[in-house]
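Take a look at the structure below.
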Amino acid sequence: MSAVTRAAVEGVLRQYTDPYLNQDPVSAGCVRAIDIQGGQVKVQLQLGYAAGLFKGGWAQVLQTALENLEGVTSAQVSIDCVIATHKAQAQVPALANVKNVIAVASGKGGVGKSTTAANLALALAREGARVGILDADIYGPSQGVMFGIAEGTRPQIREQKWFVPIKAHGVEVMSMAFLTDDNTPMVWRGPMVSGALLQLVTQTAWDDLDYLVIDMPPGTGDIQLTLAQKVPVAGSVIVTTPQDLALLDAKKGVEMFRKVNIPVLGVVENMAVHICSNCGHAEHLFGEGGGEKLAAQYGVELLASLPLSMLIREQADSGKPTAIAEPESQIAMVYQELARQVGARIVLQEAAAPAMPSITISED
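Under my numbering, the first residue of the sequence shown carries the number 20, and numbering increases by one thereafter.
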């Protein structure tokens, strides 16, 4: 029986591709330790994105492969998820106690952006990450309702300076709606809104978050630009429907983020197909393939495609979005895939970024 070598173990690992990093564990730099004691092999991997519901199955696949290696009598693969702080825009100071900010945006309203943001935050939390969500949609805040937070709930104030976010379903939630009355419309001008939002972002006492999801206001005006220029965003997600008008506005969202050097992680297409609840007939009410076309045009990924479903709306309205209302459902699984894709793409964006040139000073 030939002795098991590290090269042979790595050779086996290289045959398997992480579906979110699109690389094998060795090439992706995920291998932390390989311990070989005779025929016993132990491998430690570390993923840089939240993958609590995925890592067990991934470890089992790799373990089975290693057990088939000649000379191996037993194999053990352990996987940890460690979320690092990733690069945001230059000159924008980091947020206290927040590692990564994810902006969820749309060019226009009514495309399911807030529902996507809520389910993304909840799915990231289900994957084991520490997550917060900021409702920056100041004229139509809805995250309080979606997270089942009672009307009139107010955040505590700490040291006369910090808002303490309200915790719901394991996610820290902050919204302008918690500071105003539901019956009082916001009639502020753009600069006032921008200032209030920046205050909310910077003066909320987030508790060591891996990810802060910001539900951006729809559109690409002053408020969105101010946030994009002054909040350290690791990546953005554009939400659209297949409808041509929605796609036109979504393109503006992509362009806006590119202008302020924020990576667009990908596109989420809502209302892609309607399944009749009576007969099961599938119909593309808003057109077909729009999200794919947008993603292809800008060289980004179509991260998720979701149906026009009454259930998604009903569950969000009832304060328990799909990701936690029916966690084993097909739609909830799409949101879990979205969460892992978003986390992995933040890792990949930084890895792909060109290194800054080093400056050397000669002493002539």
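A virtual CB, placed ideally from N, CA and C, is assigned to each residue, including glycine.
Small disclaimer: the values here were computed from a predicted structure and weren't measured.
- Spanning the alpha carbons of Leu141 and Gly57 requires a straight line of approximately 44 Å.
- C-alpha of Gly238 to C-alpha of Gln108: approximately 21 Å in a straight line.
- Setting aside the 5 residues that flank it on each side, Asp54 is surrounded in the same chain by Lys61, each with a C-beta closer than 6 Å to its C-beta; the list follows chain order.
- The three-state reading of DSSP puts Ser46 in coil, since its state is none of H, G, I, E or B.
- Non-local C-beta neighbours of Ala335 in its own chain, meaning closer than 7 Å and more than five positions away in sequence, comprise Thr134, Ala137, Met165, ordered along the chain.
- In terms of Cβ geometry, Val91 and Val23 form a close pair [threshold 8 Å].
- Contact check for Gly338 against Gly167 passes: the beta carbons are separated by less than 8 Å.
- For Ser133, the enclosing alpha helix (DSSP H) has its first and last residue at 132-145.
- Membership of Ala247 in the alpha helix (DSSP H) is indicated by the continuous run 241-249.
- In its chain, beyond the 5 residues on either side, Gly285, Val287, Leu357, Gln360 have a beta carbon closer than 6 Å to the beta carbon of Leu322.
- About 15 Å separates the beta carbons of Met195 and Gln243, which is beyond the 8 Å limit, so they are not a contact pair.
- Scanning the region 319-359 for uninterrupted beta strand (DSSP E) segments of 3 residues or longer gives 320-324, listed from N- to C-terminal end.
- Here the alpha carbons of Asp37 and Leu143 stand approximately 18 Å from one another.
- With fewer than 16 other CB atoms across the displayed protein chains lying within 10 angstroms of its CB, Asp226 is exposed.
- At a Cβ-Cβ threshold of 8 Å, Gly254 and Tyr68 do not count as neighbours.
- Distances from the alpha-carbon of Lys118 to those of Val250, Gln82, Asp154 put Val250 closest.
- Rounded to the nearest whole angstrom, the CA to CA distance from Gln175 to Ala113 is 24 Å.
- With a beta-carbon spacing of about 23 Å, Leu72 and Gln368 fall beyond the 8 Å limit used to define contacts.
- Going by C-alpha positions, Ala342 is about 8 Å away from Met352.
- At a Cβ-Cβ threshold of 8 Å, Val273 and Ile257 count as neighbours.
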